[in-house]
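Colleague: Pasting a structure here, questions to come.
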Amino acid sequence: MAEDFVIEMLHITKEFPGIKANDDVTLQLRRGEVHALLGENGAGKSTLMSVLFGLYQPEQGVIKKNGKEVNIKDPNVANDLGIGMVHQHFKLVECFSVLDNIMLGVEPCKAGFLQKEVARKKVVELSEKYGLRVDPDALISDISVGMQQRVEILKMLYRDNEILIFDEPTAVLTPQEIDELMEIMRGFKKEGKSILFITHKLNEIMAVADRCTVLRKGKGIGTVDIANTTKEELSRMMVGRDVQFAVDKAPAKLGDVVLSVRDMTVPGHVHKKDAVRGVSFDVRGGEIVCLAGIEGNGQTELVYGLTGLEKVTHGTLTLDGKDITHASIRQRSKDGMSHIPEDRHKYGLVLDYSLENNMVLQRYWEPQFQKGGFINKPAVREYSDRLIKQYDVRSGQGSVTIARSMSGGNQQKAIIAREIDKDPKLLVAVQPTRGLDVGAIEYIHKQIVAERDRGKAVLLVSLELDEVMNLSDRILVMYEGEIVGEFDPKTTTVQELGLYMAGAKKQGKGAQ
Amino acid sequence: MSGNKKQLGMALRQKSSSVLAALVCILIGLLVGLVALFIINAEHAWDQGFLRIIQGGFYDFPYGVGKTLTNSAPLIMTGLSVAFAFKTGLFNIGAAGQYTLGAFGALYCALILNLPWYVCLLASALFGAVWGAIPGIFKAYLNINEVITSIMFNWIGLYMVNEIIYARGTGIMYDANNTRTWKVADRSPGSLIPSCGMSDLFHTPSTTIAIFLAIAAAILVWVILEKTTFGYELKAVGLNKNAARYAGINEKKNIILSMTIAGALAGFGAGLLYLSAGAEWNPLNSTSLPAMGFNGIATALLAASNPIGTIFSSLFISHITVGGSFLPTRYFPTEIADLISGIIIYLCAFAMLFRGVIEKKLHANADTPDANAEPAAQTKKEGK
Numbered sequence: 063m064a065e066d067f068v069i070e071m072l073h074i075t076k077e078f079p080g081i082k083a084n085d086d087v088t089l090q091l092r093r094g095e096v097h098a099l100l101g102e103n104g105a106g107k108s109t110l111m112s113v114l115f116g117l118y119q120p121e122q123g124v125i126k127k128n129g130k131e132v133n134i135k136d137p138n139v140a141n142d143l144g145i146g147m148v149h150q151h152f153k154l155v156e157c158f159s160v161l162d163n164i165m166l167g168v169e170p171c172k173a174g175f176l177q178k179e180v181a182r183k184k185v186v187e188l189s190e191k192y193g194l195r196v197d198p199d200a201l202i203s204d205i206s207v208g209m210q211q212r213v214e215i216l217k218m219l220y221r222d223n224e225i226l227i228f229d230e231p232t233a234v235l236t237p238q239e240i241d242e243l244m245e246i247m248r249g250f251k252k253e254g255k256s257i258l259f260i261t262h263k264l265n266e267i268m269a270v271a272d273r274c275t276v277l278r279k280g281k282g283i284g285t286v287d288i289a290n291t292t293k294e295e296l297s298r299m300m301v302g303r304d305v306q307f308a309v310d311k312a313p314a315k316l317g318d319v320v321l322s323v324r325d326m327t328v329p330g331h332v333h334k335k336d337a338v339r340g341v342s343f344d345v346r347g348g349e350i351v352c353l354a355g356i357e358g359n360g361q362t363e364l365v366y367g368l369t370g371l372e373k374v375t376h377g378t379l380t381l382d383g384k385d386i387t388h389a390s391i392r393q394r395s396k397d398g399m400s401h402i403p404e405d406r407h408k409y410g411l412v413l414d415y416s417l418e419n420n421m422v423l424q425r426y427w428e429p430q431f432q433k434g435g436f437i438n439k440p441a442v443r444e445y446s447d448r449l450i451k452q453y454d455v456r457s458g459q460g461s462v463t464i465a466r467s468m469s470g471g472n473q474q475k476a477i478i479a480r481e482i483d484k485d486p487k488l489l490v491a492v493q494p495t496r497g498l499d500v501g502a503i504e505y506i507h508k509q510i511v512a513e514r515d516r517g518k519a520v521l522l523v524s525l526e527l528d529e530v531m532n533l534s535d536r537i538l539v540m541y542e543g544e545i546v547g548e549f550d551p552k553t554t555t556v557q558e559l560g561l562y563m564a565g566a567k568k569q570g571k572g573a574q
Numbered sequence: 008m009s010g011n012k013k014q015l016g017m018a019l020r021q022k023s024s025s026v027l028a029a030l031v032c033i034l035i036g037l038l039v040g041l042v043a044l045f046i047i048n049a050e051h052a053w054d055q056g057f058l059r060i061i062q063g064g065f066y067d068f069p070y071g072v073g074k075t076l077t078n079s080a081p082l083i084m085t086g087l088s089v090a091f092a093f094k095t096g097l098f099n100i101g102a103a104g105q106y107t108l109g110a111f112g113a114l115y116c117a118l119i120l121n122l123p124w125y126v127c128l129l130a131s132a133l134f135g136a137v138w139g140a141i142p143g144i145f146k147a148y149l150n151i152n153e154v155i156t157s158i159m160f161n162w163i164g165l166y167m168v169n170e171i172i173y174a175r176g177t178g179i180m181y182d183a184n185n186t187r188t189w190k191v192a193d194r195s196p197g198s199l200i201p202s203c204g205m206s207d208l209f210h211t212p213s214t215t216i217a218i219f220l221a222i223a224a225a226i227l228v229w230v231i232l233e234k235t236t237f238g239y240e241l242k243a244v245g246l247n248k249n250a251a252r253y254a255g256i257n258e259k260k261n262i263i264l265s266m267t268i269a270g271a272l273a274g275f276g277a278g279l280l281y282l283s284a285g286a287e288w289n290p291l292n293s294t295s296l297p298a299m300g301f302n303g304i305a306t307a308l309l310a311a312s313n314p315i316g317t318i319f320s321s322l323f324i325s326h327i328t329v330g331g332s333f334l335p336t337r338y339f340p341t342e343i344a345d346l347i348s349g350i351i352i353y354l355c356a357f358a359m360l361f362r363g364v365i366e367k368k369l370h371a372n373a374d375t376p377d378a379n380a381e382p383a384a385q386t387k388k389e390g391k
C-alpha cells in the first residue's frame, strides 16, 4: 500500500526510569487529514508528541517525513520540517501585540531593522484565508482566550508549518468557539495541511477527525477510521473496558436550605473591579447546583469568598443556619464545608508531603489524630489506609507515597476521599474532573451523586458543559461576576447555556 | 508486613543518598583544598598541610578536640536556626544578627545582672527571638522578603550592640584595657556554663557542657518538626503556603513563629559561646558580622536542613577549621581551612544535584524500580 503519509512514527519506544512511556507505538499521519490522538492521562500522548517535537529521543523506532527517515534531535529541526504545535498552555508574550507574538523568532529583517509591514501583510493574508479574525495590534493581555488560541494557530501558519499539532485545544473554549475551531480545522484540511489533534473528548473526535489512534498505558491500541466507529468503541479502546457516559441518578430529594448566599461581593485581583458582584443563591440538601460559565467570570472568586480564601466585602453567607460570612477557613471546615479546590496542586495537596499527611490536611488537629500536640502517627496511618482502600486511591507505596509522584487522577481521588470522608453538609467541588480521563471522571461523578443522594448539598463549579448537563439538578450561569440565568438541565440545551455564558442573553434579576 | 519493610527501605535510601551527596561535596572540597595547598607550597602540602587539616583537633589532642567541641556548639545552633527556617520555606540569613543580639543578652545578664548561667542562656535566646520575630512580622503582614529585612537587621543589630557595649569607651560591660567585654569568669563566675569535668578532660576552660545543650536542642528541633502538629503546620506552610491556607492553617502566625524560633536558636548559640570562658565581645571590630551566623547557613545546607544532620555538619566544619588553625603559618595561611569549607559550602548548592544522581544510581540497583502510580495500578487491574 503506497499511502501518502506525511509523518510516520514507527515502533517508537521511549523509556523513563521504571516506566515505558511509549512502548512500540506507531502513528501514521496522512496528508490532509485530521488525526486524533486519544488516550487517558499518562497514556503517553504527551511523550509521543514530545518525541515528534524533538524534546525527547526515543530508544527505539524511526520517524519518517514523506517516506524519508529524519532525525529530530531538537525542536528547531521539527520546525524546519514544518511541524508546529499549539500547546495546551499558550506560549505568548502577554505585553506584546498579536503581530509581535506571531513573528517572534522569525522576524523579517533588513540590515538589522524590523520589517513589520512585511509580517503584517502576511498575517492579514493568512487570517483572511482561514477565517482567523484577529486584530494584529491588540495586546495579548487584552484579548480573550479564544483569540489567544487563534494567535497560536497563526504562529504555526506564519511559519508555513504543514503539520499542525493541537494539544487539548478546546479545554478553554465556549461551545460556540469550539464550533468555530472545528470549522477552522476543516479549512486547514481543505488546504492540504495535516492535523494531529490530542484530546480525550470523544464528541470532538467524532465531529472533526478522520482517523484516531488510541494509546493506553504507553501502548498503541490501534488506529481506526472515525466513519466506522462509535464513541463507545473508542472509549473501550482507551480505557480497556466499557464506560458509562450518562450519569445514573435518581430524581433529587430536596432537603432544607444548607447554603444561603445573599448579595455577595468579592474583590478581584486581576482588574480593579469586583470579581463577584452582588450574587445571591441557595443550595439545598440533596441537590447538585452547578455554576456554569466561561473561565474568568468570577466563579473562582465566588468559591474563594465562599470558602474563606478571600474576604467577602459585602453580603452574607449562611451555612446550615449559621452566619459564616466572617468565619475563618478552619471554622467553615468545622461547620461542615468541604472544598475540592480548582487547582489541586496549588491548594489541594502539599505535593511533597506523603499521602497520609495529605489525607489529614484539615484534620490533623482533631483529637483522634493528635495527643498533646504530638501527632498520633498510627492513627493517621490507619485512617489514610482506610481512605486509600475505600476510595481506591492507587499509588506506588500506599500511605507513604509522596503525593507528587502520584498520577493526576489519583491525586484528585485522594482529595475527594478526604473531602467526602469529612462527612460535610456542603460539598463545594470546583472542576473536580479537570484534566482527568474518562475512567476517573466516571468515578468522581458517581461519588458526587452519591453525596447528593445522602442528602448533602453540592455546589459544583464546572467549565465542561457536558458535565454540567449530566450532573446538575439546577444550573446557574455566571457572566462577568453576576448570575445571569438559572436553568433546569432537563429543559435547556447546551446552545442556550452557551449564549448566556457568552453574555449574549441575560435573565431578569433574582436568580435564586 | 513486607509493605512496611519496603517503605522503610525507601526512606533509608532517601536518607542515605542525602548523606552520600554531602560526603561527595566534602570529598571534592578537600581535593580542591589539597590542590590549593600544593600551589601555595608543594613541599609541605601533604604532611604539614593537608594531614593537619584532616586531623583537625586531633593534631593537638585533647586541647584541639575541646576547641572543636567549643566551636561546634554555637555552630550547631546557628545551623539549626537556618535549617528550621528553611523547613518553613523561609531563608533566615539573619542568624548573624540574632546571634549578635543573643550575645548581648547573655553578656548583659552575666556581667551586669550577675544572673545564673541558665537564666543568661534563656536571655540570649529571648534576645535572638525578638530579632528573628521582627523580619517574620514584616514578612507575614507586609509581605516584605525576609532575606532583605534580616540582612538589614543584621547590621542594625550589630551597630546597636556595639554602640551600647562600647559607648565611647565608657560602657560598663567594656574593659578598655582588653578592648573587649569583661571576662565572665572574672566578673560573674556563676554565669559560666558548668563544665562538669569537660574542661579538665580537654585541658581548656572553654569546653563545657554547651555541646550537649546544642545536641539536645537539635534533637528537640527534630522532634518538633517530625512529631508534633506544630511541626506539621510549619512544614505544610513551607512546602505549600496556599495548601496550608486552604487547610485552615494560619500561615501568618506560622511564619512569625518560625522566624521567632529560628532567632531564639541563633541567640541561644551565642549564649553557649559567650557563657563559656574564653570568648569576649569586641565592639571595635564593628565592620564584620559574626561569621558564626553565616557558617550556620553552610552547616544547614550541608545537612540538607536536617536537624540531626546539622550536628554532624557543624562538627565537621569546626573540625577542619580547627585543623586549619594548626597549619604552620610560615608555609600556609590559616584561611586555607576557610577556603576548603567555602568550597564545600559552595558545592552544597550542588548537593541537590548529587542527591538526584545518587538516588538514580541507587534506584537502578534496587530490585524494585521506582514504583510509579501507573504500574501499580496495572498490577491491581490484572489481579481482578
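The listed protein sequences derive, respectively, from chains A and B. Going by my numbering, the first residue of the first sequence is number 63, and it counts up by one from there. Going by my numbering, the first residue of the second sequence is number 8, and it counts up by one from there. Yeah, the Cβ is synthetic: ideal placement off N, Cα and C, and Gly gets one too. This structure is a prediction, so every number in the text was calculated from the model and none was measured.
1) For A:Asn-419, count neighbouring C-beta atoms within 10 Å of its own C-beta (all shown protein chains included) and say buried if the count is 16 or more, exposed if not.
2) Which same chain residues, not among the five before or five after A:Lys-153, have their C-beta less than 8 angstroms away from its C-beta?
3) Does B:Thr-236 come within less than 8 angstroms of chain A when only Cβ atoms are used?
4) To which residues of the same chain is A:Tyr-220 closer than 6 angstroms at the C-beta, ignoring the five residues directly before and after it?
5) Please list, in chain order, all residues of the same chain as B:Thr-188 whose beta carbon is under 7 angstroms from its beta carbon, the five residues on each side excluded.
6) On a Cα-Cα basis, can you pick out the residue from B:Asn-150, B:Gly-40 and B:Ala-225 that is closest to B:Lys-248?
7) Could you check if A:Ser-390 is buried or exposed, using at least 16 other CB atoms within 10 Å of its CB as the buried criterion?
8) List the residues of chain B that A:Tyr-409 touches, going by C-beta distances under 7 angstroms, in chain order.
9) Restricting to runs no shorter than 4 residues, where is the alpha helix (DSSP H) found entirely within the segment 271-321 of chain B?
10) Roughly how far, in whole angstroms, is the beta-carbon of A:Leu-226 from the beta-carbon of A:Ile-257, given that I think they are within contact range, below 8 angstroms?
11) For A:Tyr-118, is the classification buried or exposed, using 16 other Cβ atoms within 10 angstroms of its Cβ as the cut-off for buried?
12) What do you reckon, are the CB atoms on B:Lys-146 and B:Ile-262 nearer than 8 angstroms?
13) Fully enclosed by the segment 39-97 of chain B, which alpha helix (DSSP H) runs are 4 residues long or longer?
14) Would the segment 326-336 of chain B count as touching the segment 100-115 of chain B if we require 3 or more Cβ pairs under 8 angstroms?
15) Could you round the C-beta distance between B:Gly-109 and B:Ser-131 to whole angstroms and report it? I think they count as a contact, below 8 angstroms.
16) Using Cβ-Cβ distances below 7 angstroms, what residues of the segment 505-516 of chain A are close to chain B?
17) What residues in the segment 140-158 of chain B have a beta carbon less than 8 angstroms from any beta carbon of chain D?
18) Sorted by chain position, which residues of the same chain lie with C-beta nearer than 8 angstroms to A:Asp-336's C-beta, five sequence neighbours on each side aside?
19) Quick check: the Cα distance between B:Ile-47 and B:Leu-41, rounded to an integer number of angstroms?
20) As an exercise, report each continuous beta strand (DSSP E) stretch of at least 3 residues that is fully enclosed by the segment 329-385 of chain A, in chain order.
21) A:Arg-248: which of A:Gly-317, A:Gly-94, A:Glu-230 and A:Gly-383 sits nearest, CA to CA?
22) Name, going along the chain, the residues of the segment 371-390 of chain A whose beta-carbon falls closer than 8 angstroms to a beta-carbon of chain B.
23) Which residue wins for smallest C-alpha separation from A:Pro-237, given the options A:Glu-526, A:Gln-569 and A:Thr-553?
24) Name the one or two DSSP bridge partners that A:Arg-324 has.
25) Below 8 angstroms on the Cβ atoms is my contact criterion, and I expect A:Gly-410 with B:Ala-250 to pass it. Report the Cβ-Cβ distance as a whole number of Å.
26) Does the CB of B:Ala-80 have a neighbour CB from chain A at under 8 angstroms?
27) Which residue from A:Thr-75, A:Leu-99 and A:Arg-92 puts its Cα closest to that of A:Val-113?
28) Here's a check: name, in chain order, each residue in its chain whose Cβ is nearer than 7 angstroms to the Cβ of B:Asp-67, leaving out the five neighbours to either side.
29) With a 10 Å radius around its C-beta and 16 neighbouring C-beta atoms as the bar for buried, classify B:Cys-116 as buried or exposed.
30) Identify the contact partners of A:Phe-436 in chain B, using a Cβ-Cβ distance below 9 angstroms as the criterion.
31) Tell me which residues of the segment 408-429 of chain A have at least one Cβ-Cβ distance to chain B shorter than 8 angstroms, keeping chain order.
32) Quick one: using the 10 Å Cβ neighbour count with 16 as the cut-off for buried, is B:Ala-378 buried or exposed?
33) Assuming the contact rule is C-beta atoms closer than 8 angstroms, A:Leu-101 and A:Arg-278 should be a hit. Round their C-beta distance to whole Å, please.
34) Does DSSP put A:Ser-256 in a helix, in a strand, or in coil?
35) Tell me which residues share the same chain as A:Arg-195 and place their Cβ nearer than 7 angstroms to its Cβ, disregarding the 5 neighbours each side in the sequence.
36) Are the C-beta of B:Ala-243 and some C-beta of chain A separated by less than 8 angstroms?
Modeller: Looking at the coordinates:
1) Counting from 1 along the first sequence, the entry for residue 419 of chain A is found at position 357. Buried, since its Cβ has 16 or more Cβ neighbours within 10 Å.
2) Position 91 of the first sequence, counted from the start, is the residue given in the question as residue 153 of chain A. Excluding positions up to five away in sequence, the list reads Glu-214.
3) Position 229 of the second sequence, counted from the start, is the residue given in the question as residue 236 of chain B. Yes, contact with chain A.
4) Taking the first residue of the first sequence as 1, we reach residue 220 of chain A at position 158. If we look at A:Tyr-220 and ignore the five residues flanking it on each side, its Cβ neighbours are Ile-164.
5) Counted from its first residue, the second sequence places residue 188 of chain B at position 181. Taken in chain order, the residues that qualify are Leu-114, Leu-118, Ile-172, Met-180, Tyr-181, Asp-182, Glu-287 and Trp-288.
6) One-based indexing of the second sequence puts residue 248 of chain B at position 241. It is B:Asn-150 whose Cα lies nearest to the Cα of B:Lys-248.
7) Your numbering for residue 390 of chain A matches position 328 in the first sequence. Exposed: under 16 other Cβ atoms inside 10 Å.
8) Working through the first sequence from its first residue, we reach residue 409 of chain A at position 347. Result: Asn-249, Ala-250 and Tyr-253.
9) Runs found: 298-309.
10) Position 164 of the first sequence, counted from the start, is the residue given in the question as residue 226 of chain A. Position 195 of the first sequence, counted from the start, is the residue given in the question as residue 257 of chain A. 5 angstroms between Cβ atoms; contact.
11) As a working note, residue 118 of chain A is residue 56 in the first sequence. With 16 or more Cβ atoms within 10 Å of its Cβ, A:Tyr-118 is classed as buried.
12) Position 139 of the second sequence holds residue 146 of chain B. Position 255 of the second sequence holds residue 262 of chain B. In this structure, B:Ile-262 lies closer than 8 angstroms to B:Lys-146 by Cβ.
13) Qualifying alpha helix (DSSP H) stretches, in chain order: 58-62 and 70-94.
14) no
15) As a position in the second sequence, residue 109 of chain B is number 102, starting the count at 1. As a position in the second sequence, residue 131 of chain B is number 124, starting the count at 1. Indeed, because the Cβ distance is near 4 angstroms, the residues count as touching under 8 angstroms.
16) none
17) In the structure shown, chain D cannot be found, because the protein chains are A and B.
18) In the first sequence, the residue the question calls residue 336 of chain A occupies position 274. These residues qualify, in order along the chain: Thr-327, Val-328, Pro-329, Gly-330, Thr-375 and Gly-543.
19) Numbered from 1 along the second sequence, position 40 holds the residue referred to as residue 47 of chain B. Numbered from 1 along the second sequence, position 34 holds the residue referred to as residue 41 of chain B. Looking at the two C-alpha atoms, the distance is approximately 10 angstroms.
20) 336-346, 350-354 and 376-381
21) The sequence position of residue 248 of chain A within the first sequence is 186, counting from 1. Nearest of A:Gly-317, A:Gly-94, A:Glu-230 and A:Gly-383 to A:Arg-248, Cα basis: A:Gly-94.
22) Leu-371 and Ser-390
23) On the first sequence, position 175 is the one that residue 237 of chain A refers to. Closest by alpha carbon: A:Glu-526.
24) Sequence index remark: in the first sequence, residue 324 of chain A carries index 262 (1-based). Under DSSP, A:Arg-324 forms a beta bridge with A:Thr-378.
25) Here the question's residue 410 of chain A lines up with position 348 in the first sequence. Here the question's residue 250 of chain B lines up with position 243 in the second sequence. Between B:Ala-250 and A:Gly-410 the Cβ distance is about 7 angstroms, and since that is below 8 angstroms, they are a contact.
26) For this step, residue 80 of chain B is matched to residue 73 along the second sequence. No, B:Ala-80 lies away from the interface with chain A (no Cβ there is under 8 angstroms from its Cβ).
27) Position 51 of the first sequence, counting from 1, holds the residue named residue 113 of chain A. For the residues A:Thr-75, A:Leu-99 and A:Arg-92, the minimum Cα distance to A:Val-113 belongs to A:Thr-75.
28) In the second sequence, residue 67 of chain B corresponds to position 60, counting from 1. Once the five neighbours on either side are set aside, the close Cβ partners of B:Asp-67 are Phe-333.
29) Locating residue 116 of chain B in the second sequence gives position 109, where the first residue counts as 1. That one is buried.
30) For this step, residue 436 of chain A is matched to residue 374 along the first sequence. Per Cβ cutoff of 9 angstroms: Val-230, Lys-234, Thr-235 and Thr-236.
31) Lys-408, Tyr-409, Gly-410, Leu-411, Val-412, Leu-413, Asp-414, Tyr-415, Asn-419, Leu-423, Gln-424, Tyr-426 and Trp-427
32) The count along the second sequence starts at 1 and reaches residue 378 of chain B at position 371. In this prediction, B:Ala-378 has a pLDDT of 34, which is less than 50 and means its spatial position is unreliable; what the coordinates show is noted afterwards. A residue is called buried when at least 16 other Cβ atoms come within 10 angstroms of its Cβ; B:Ala-378 meets this threshold and is buried.
33) Translated into the one-based positions of the first sequence, residue 101 of chain A becomes position 39. Translated into the one-based positions of the first sequence, residue 278 of chain A becomes position 216. In the sequence as presented, Leu is not what sits at residue 101 of chain A; that position holds Gly. At roughly 6 angstroms, the Cβ-Cβ gap stays under 8 angstroms, so A:Gly-101 and A:Arg-278 are in contact.
34) Position 194 of the first sequence, counted from the start, is the residue given in the question as residue 256 of chain A. If DSSP states are grouped into helix, strand and coil, A:Ser-256 belongs with the strands.
35) Numbered from 1 along the first sequence, position 133 holds the residue referred to as residue 195 of chain A. Around A:Arg-195: Ser-189.
36) In the second sequence, residue 243 of chain B corresponds to position 236, counting from 1. The beta carbon of B:Ala-243 falls within 8 angstroms of a beta carbon belonging to chain A, placing the residue at that interface.
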